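Some notes on the structure that comes next.
Residue numbers (the working numbering): 136 to 822.
So, in structure tokens, the structure goes:
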């Protein structure tokens, strides 16, 4: 790896507040296709993530600064890119930035944490196995937002530089050589310094400071006197709300220039180094809306450094190609997703050019944009992360030589690990169909269920369900339900025989078919049938006997039952409807009130497949001898019948109610019969 590439990677680690130990370099992959995320709990509001071998077992562990819970989470790597449960270590209030480095000279990696709300820096010493001693706190300025560890005074141990947002300065804490620190010495910067970067800006071999100041719209350069003390800041104008600075040799003259992303006026400022740490006036180049992060890398393969800019408000990434002299062509924009917050460039697919990984804060995902080899990029492919991802880092987390992703999710207290699985894309594990069983009879609303399968690389699995009306799965008779996440599907099907199987596949297209191809039969509803009696608009006396046709079911061994609905209203209001359910017979008798009734029948089988009667009829229930329809037999009925027969009065309703003798005519004999019943103890009318 070239010295220039190492410088670029080192600078990016500071910009993203994510670091690797000295001697660690990214490895190459074959294709930037990533697993579904695996989330690991951290503390409250994790702000930054750092990958390093914390326990000396040669794999990369995670240290997370938890802004909202006042602690540090340590997640140990199991050796395969999966992580143990978080172990949290107390820091100060609102840890904003974490840096891992050997602070006490015992070869393991300790932690330095900038605590935003308690105005100090916590030092947590490593016990040698990735567990940490209690924090020792050292005062800094007001609202420290960024910490950087480097040998600032030339005595070979690592000192601290801390950017303090609200006190407008940078604190320098010198190491006593054993990981304890002297009191902070503060050096003024601009207004609201958001991050600090240490590098040899003036070519004298000691480390100077570059500080981006969000509210004073400039960059402060503080030169090192050679002993870890600093000269007064010299400020260089940038754009409005500068949010990110990247130091690199942009014009090919071997000194380090500055690229600054200006969140407030939608551009990138380039400040050229005169060779002595003094910078020329900014030259601005348009980007997208709200640049939040800038990354310098050779994106088009011509050996000079181009710019990639994540634009927070226009949801894209701007690519500005270097003309070879530190001037830049107009931005070409490539869509990302909602609120791109951090951009990282690395060879994710192993083709020797640099691709882009973008953390999209509001859409909770990471966009991968492949390089076509000339600094143009393919459309973004998005992979889910956690809620509010604000930082993305690419590294070989599982030791398989490709670059995985670590994503800090600000609002859900965890870190997402997305494995790059293109080196050994094995198919999903074998799995079986579950139901409907082979040869089953089922309802037309069919729920197909199969086993969940897993991928050897931990990849996300999707399923395609194939349903066919012929055994050979002819395309013309086969329906495919694709891209299913869960291992079941419910749909309504027509009556008949179906054949089914399931294909499981991962993001790389590796396929595993179900162990079986089964069939099932979708059952039919009972056949249509009619009501028989009473006929529509009939008048009947109690007890009422209702009859309907038998409804036959085509499936063998099925059973049809009936529900008889009787209602005073043609609307079958539940408050006025009688339901006699689960009847096996097609005849039902009951004494009913003397009223008009409406009726219909529902037939259904064991699957609750139903068929309603072809008619909804009505009938009237009367009492023989109740000529005036007042629901009792008394002298008023005799008078009513005399009036009808001899004085042209109204007829009984229905007429059969006046047929007391049951001879099917209404005459004077019915009057005599009623008088005999009412006054001489004769038999009651019984028709």
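Just so you know, even glycine gets a beta-carbon here, dropped at the ideal spot from N, CA and C.
As the structure is a prediction and not an experimental result, all values here were calculated from the model.
Quiz item: If you pair each beta-carbon of the stretch 331–338 with each one of the stretch 307–320, do three or more pairs fall below 8 Å?
Solution: no
Quiz item: Which runs of the beta strand (DSSP E) spanning at least 3 residues fall entirely within the stretch 635–719, listed in chain order?
Solution: 646–648, 653–657, 666–668, 673–676, 679–683, 696–702 and 712–718
Quiz item: Are the Cβ atoms of residue 438 and residue 399 separated by less than 8 Å?
Solution: Walking along the chain shown from the start, residue 438 turns up at place 303. Walking along the chain shown from the start, residue 399 turns up at place 264. Their beta carbons are not under 8 Å apart, which means residue 438 does not touch residue 399 by this criterion.
Quiz item: Are the stretch 601–611 and the stretch 770–783 touching, with three or more C-beta to C-beta distances below 8 Å?
Solution: no
Quiz item: In the structure shown, what three-state DSSP assignment does residue 738 receive?
Solution: The residue given as residue 738 occupies position 603 in the chain shown. Note: residue 738 maps to strand in three-state DSSP.
Practice problem: With residue 503 as the anchor, note down where its beta strand (DSSP E) starts and where it stops. | Solution: Working through the chain shown from its first residue, we reach residue 503 at position 368. 500–504 is the span of the beta strand (DSSP E), which, as asked, contains residue 503.
Quiz item: DSSP puts residue 508 in a beta bridge; with which residues?
Solution: What you label residue 508 is simply residue 373 of the chain shown in a count that begins at 1. Looking at the DSSP assignment, residue 508 forms no beta bridge with any residue, so it has no partner.
Quiz item: Out of curiosity, what's the CA-to-CA distance linking residue 650 and residue 597?
Solution: Taking the chain shown and counting its residues from 1, the one referred to as residue 650 is at position 515. Taking the chain shown and counting its residues from 1, the one referred to as residue 597 is at position 462. Rounded to the nearest angstrom, the two C-alpha atoms are 16 Å apart.
Self-check item: the stretch 688–704 in contact with the stretch 714–729 per 3-pair CB rule at 8 Å
Solution: yes
Practice problem: Would you be able to state if there are at least three C-beta pairs under 8 Å between the stretch 476–496 and the stretch 506–518? | Solution: yes
Quiz prompt | Residue from 431, 270 and 344 whose Cα sits closest to the Cα of residue 306 | solution = Residue 306 sits at position 171 when you count from the first residue of the chain shown. Checking every option, the nearest Cα to that of residue 306 belongs to 344.
Quiz item: What residue does the alpha helix (DSSP H) around residue 804 start on, and which one ends it?
Solution: The residue given as residue 804 occupies position 669 in the chain shown. First-last of the alpha helix (DSSP H) with residue 804: 803–814.
Quiz item: With contact counted as at least three CB pairs below 8 Å, one residue from each stretch, are the stretch 419–430 and the stretch 385–393 in contact?
Solution: Counting C-beta pairs closer than 8 Å gives fewer than three between the stretch 419–430 and the stretch 385–393, which falls short of the contact rule.
Exercise. Look at residue 721 and residue 670 and say whether their C-beta atoms are less than 8 Å apart.
Key: Taking the first residue of the chain shown as 1, we reach residue 721 at position 586. Taking the first residue of the chain shown as 1, we reach residue 670 at position 535. Contact: no.
Self-check item: Start-to-end residues for the beta strand (DSSP E) that takes in residue 493
Solution: Counting from 1 along the chain shown, the entry for residue 493 is found at position 358. Residue 493 -> beta strand (DSSP E) spans 490–495.
Practice problem: Could you spell out where the alpha helix (DSSP H) holding residue 779 opens and where it closes? | Solution: Here residue 779 refers to the residue found at position 644 when the chain shown is read from its first residue. Run containing residue 779: 770–781, per the alpha helix (DSSP H) assignment.
Quiz item: What is the C-beta distance between residue 98 and residue 362, in whole angstroms, given that I count them as a contact (C-beta under 8 Å)?
Solution: Outside the displayed range of the chain (136 to 822) lies residue 98, so it cannot be described from this structure.
Self-check item: Backbone secondary structure at residue 792 - three-state DSSP
Solution: The residue given as residue 792 occupies position 657 in the chain shown. DSSP places residue 792 in helix when its eight states are reduced to three.
Quiz item: Taking all protein chains shown into account, do 16 or more other C-beta atoms lie within 10 angstroms of the C-beta of residue 291, making it buried, or fewer, making it exposed?
Solution: In the chain shown, counting from the first residue as 1, residue 291 sits at position 156. With fewer than 16 Cβ atoms within 10 Å of its Cβ, residue 291 is classed as exposed.
Quiz prompt | Same chain, Cβ closer than 6 Å to residue 259, neighbours up to 5 away in sequence not counted | solution = The sequence position of residue 259 within the chain shown is 124, counting from 1. 224, 246, 267 and 270.
Quiz item: Which residue comes first and which comes last in the beta strand (DSSP E) that contains residue 817?
Solution: Along the chain shown, one-based indexing puts residue 817 at 682. For residue 817, there is no enclosing beta strand (DSSP E), since its DSSP letter is neither H nor E.
Exercise. Pull up the distance between the alpha-carbon of residue 127 and that of residue 794, whole angstroms please.
Key: The question about residue 127 has no answer here: the residues shown for the chain are numbered 136 through 822.
Self-check item: Span separating the alpha-carbon of residue 360 from that of residue 311
Solution: Locating residue 360 in the chain shown gives position 225, where the first residue counts as 1. Locating residue 311 in the chain shown gives position 176, where the first residue counts as 1. Distance between the alpha carbons of residue 360 and residue 311 is about 19 Å.
Exercise. Using a threshold of 8 Å, state whether the C-beta atoms of residue 323 and residue 303 are closer than that.
Key: Position 188 of the chain shown, counting from 1, holds the residue named residue 323. Position 168 of the chain shown, counting from 1, holds the residue named residue 303. One thing to note: residue 323 has its Cβ within 8 Å of the Cβ of residue 303.
Exercise. Mind checking who residue 235 pairs with in its DSSP beta bridge?
Key: As a working mapping, residue 235 is identified with position 100 in the chain shown. In the DSSP output, where bridge partners are listed per residue, residue 235 has 246.
Quiz item: Do residue 776 and residue 810 have their CB atoms nearer than 8 Å?
Solution: Within the chain shown, the letter at position 641 stands for residue 776. Within the chain shown, the letter at position 675 stands for residue 810. Not a contact, by the Cβ cut-off of 8 Å.
Self-check item: Same chain only: Cβ atoms within 7 Å of residue 167, ignoring 5 sequence neighbours per side
Solution: Stepping through the chain shown from its first residue, residue 167 is reached at position 32. Any reading at residue 167 must be qualified, since the residue scores a pLDDT of 41, below 50, and its modelled position is unreliable; no value is offered.
Self-check item: Neighbour-count burial assignment, residue 218, 16 or more Cβ in a 10 Å radius
Solution: Position 83 of the chain shown holds residue 218. With a pLDDT of 47 at residue 218, under the threshold of 50, the predicted position of this residue should be treated as unreliable, though the coordinate-derived value follows. Burial call: buried.
Quiz item: Skipping 5 residues on each side, what residues in its chain have a beta carbon closer than 6 Å to that of residue 808?
Solution: Position 673 of the chain shown, counted from the first residue, corresponds to residue 808. Same-chain partners within the cutoff: 795 and 796.
Practice problem: Identify whether residue 411 lies in helix, strand or coil by the three-state DSSP scheme. | Solution: Here the question's residue 411 lines up with position 276 in the chain shown. Coil at residue 411, not helix or strand.
Practice problem: Rounded to whole angstroms, what's the CA-CA distance from residue 579 to residue 230? Just pull it up for me. | Solution: Against the chain shown, residue 579 aligns to sequence position 444. Against the chain shown, residue 230 aligns to sequence position 95. Cα to Cα, the separation comes out at about 58 Å.
Quiz item: How many whole angstroms separate the CB atoms of residue 748 and residue 665, which I take to be in contact at a CB cut-off of 8 Å?
Solution: Working through the chain shown from its first residue, we reach residue 748 at position 613. Working through the chain shown from its first residue, we reach residue 665 at position 530. The pair is a contact, with the Cβ atoms about 6 Å apart (cut-off 8 Å).
Exercise. Return the chain-ordered list of same chain residues with a C-beta closer than 8 Å to the C-beta of residue 614, the five sequence neighbours on each side being excluded.
Key: Counted from its first residue, the chain shown places residue 614 at position 479. Here the set comprises 601, 602 and 603.
Self-check item: Beta-carbon separation (whole angstroms), residue 726 vs residue 677, contact threshold 8 Å
Solution: As a working note, residue 726 is residue 591 in the chain shown. As a working note, residue 677 is residue 542 in the chain shown. About 5 Å separates the two Cβ atoms, so the contact holds.
Quiz item: Thinking C-beta only, is residue 564 closer than 8 Å to residue 876?
Solution: Since the first and last residues shown for the chain are 136 and 822, residue 876 lies out of range.
Quiz item: At what residues does the beta strand (DSSP E) containing residue 561 begin and finish?
Solution: Taking the first residue of the chain shown as 1, we reach residue 561 at position 426. Taken as a continuous stretch (DSSP letters only), residue 561 belongs to no beta strand (DSSP E), as it is neither H nor E.
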